[in-house]
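Student:
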Amino acid sequence: QVQLVESGGGSVQAGGSLRLSCSASDSIFSFNAMGWHRQAPGKTREFVASSTRTGTTAYADSVKGRFTIFRDTAKKSASLQMNGLKPEDTAVYYCIVQTPTGTYWGQGTQVTVFT
Numbered sequence: 082q083v084q085l086v087e088s089g090g091g092s093v094q095a096g097g098s099l100r101l102s103c104s105a106s107d108s109i110f111s112f113n114a115m116g117w118h119r120q121a122p123g124k125t126r127e128f129v130a131s132s133t134r135t136g137t138t139a140y141a142d143s144v145k146g147r148f149t150i151f152r153d154t155a156k157k158s159a160s161l162q163m164n165g166l167k168p169e170d171t172a173v174y175y176c177i178v179q180t181p182t183g184t185y186w187g188q189g190t191q192v193t194v195f196t
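When we follow our numbering, the leftmost residue of the sequence shown carries the number 82, and every step to the right adds one.
What follows is the structure in structure tokens.
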């Protein structure tokens, strides 16, 4: 059972930046992928970004060019640098990891972007 702890959420004015971090209880070397999803009030959870073990990254169209995912194997963590934040980015952000034994989610961290 992999445990994930997210941090770095908060409130920021539109145009600002936040960096989310996700720390894993186990080595991430064998993780197939780490990533982030988000869920806004009244909406379904959606994909935001991911990074595979081989370093391939993917982003939702809505965040391309603004968000960057980083993966640090030594620190057993993944981060999401979010720049140019918009009010529509307001959501609970969840870290997700895919391992050979299953998929695991963090508890979520709130990001609020105000005008």
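Idealized CB from N, CA, C, for every residue including glycine.
1. To the nearest angstrom, how far is the alpha carbon of K156 from that of S104?
2. How many Å lie between K85 and F151 at the Cα?
3. Could you pull the start and end residues of the beta strand (DSSP E) that A139 belongs to?
4. DSSP state of D153, grouped into three classes?
5. Could you tell me whether the Cβ atoms of V93 and L99 are closer together than 8 Å?
Tutor: Put simply:
1. 8 Å
2. For the record, residue 85 in the displayed sequence is Leu; it is not Lys. When rounded, the distance between both Cα atoms is 16 Å.
3. Boundaries of the beta strand (DSSP E) harbouring A139: T138 to Y140, taken from the DSSP string.
4. strand
5. yes
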